[in-house]
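Heads up: the sequence shown begins at 6 in our numbering, then just goes up one per residue. Below is one structure, written out as structure tokens, with a few remarks after it.
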Amino acid sequence: MDKAQFIEMVSREQESLRRFLCVLCRGDAFRADDIAQEALLKAYLSFGKFEGRAKFSTWLFRIAYNCFYDNMTAGKKTEGEPLGPQQEKIAGEEGPSVRGFEYQELYQAIGDLPEKEQAVILLFYMEEKSIKEIEAITGMPSGTVRSHLSRAREHLRLFLKNRGNI
């Protein structure tokens with residue numbers, strides 16, 4: 006595969022990748038963009054190794070998830086704070102690429118989930134990835150993915166119930 010193919014494939018996944026990282030970074034669009042840039046660079050440098058056994062999007066999201074996780078374990082953890090005025094402005098300017106931000110309470114609840122539950126719920130619902138794709142992206146066995154998904158749903162249900170939204 007050549008450079009033009011890589012660019013074409015990335016352009017199809019760029020918005021959803023950024024949205025995924027932006028939510029994982031709790032609305033910090035600058036940080037999400039830094040991680041996305043790192044992930045895209047790593048993907049480009051290893052594009053020759055892409056065998057096509059998985060979807061390109063799964064492969065790319067796996068690289069991005071690993072970059073996010075590496076960023077977290079390197080002492081650059083997100084603080085779990087709500088969106089600040091600058092992040093809200095940036096999120097609002099992005100239009101459909103961060104469509105989840107219009108549901109601020111739900112976004113807050115997702116932000117309060119443990120990191121693995123957060124990643125699984127975002128991949129399943131926002132990015133419409135299958136359990137098998139989530140397994141490939143996160144490196145978790147399918148049973149663990151299902152368990153995290155179930156716990157995340159329960160946490161969100163309780164959060165929304167306590168807020169009087171269900």
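Glycine included, each C-beta is placed from N, C-alpha and C at the ideal position. Quantities reported herein were computed from a predicted structural model and do not represent experimental measurements.
By the neighbour-count definition (other C-beta atoms within 10 Å, threshold 16), alanine 69 is a buried residue. Annotation for histidine 153: Lys121, Glu122, Val125 place their beta carbon closer than 6 Å to its own, counting only its chain and skipping 5 residues before and after. For glutamate 18, the enclosing alpha helix (DSSP H) covers residues 8-29.
Taking the CA atoms as reference points, alanine 157 sits about 19 Å from glycine 32.
With fewer than 16 other beta carbons inside 10 angstroms of its own, lysine 137 counts as exposed. For the 8 Å CB-CB criterion, alanine 114 and phenylalanine 73 do not form a contact. Ranking Phe52, Asp39, Ala37 by CA distance to the CA of isoleucine 12 puts Phe52 first.
According to the DSSP assignment, arginine 158 belongs to the alpha helix (DSSP H) that extends over 147-167.
Look at glycine 116 here: in three-state DSSP terms it is helix. Judged by DSSP secondary structure, serine 62 falls within the alpha helix (DSSP H) whose first and last residues are 61-78. Between serine 62 and glutamate 18, the CB-CB gap stays under 8 Å.
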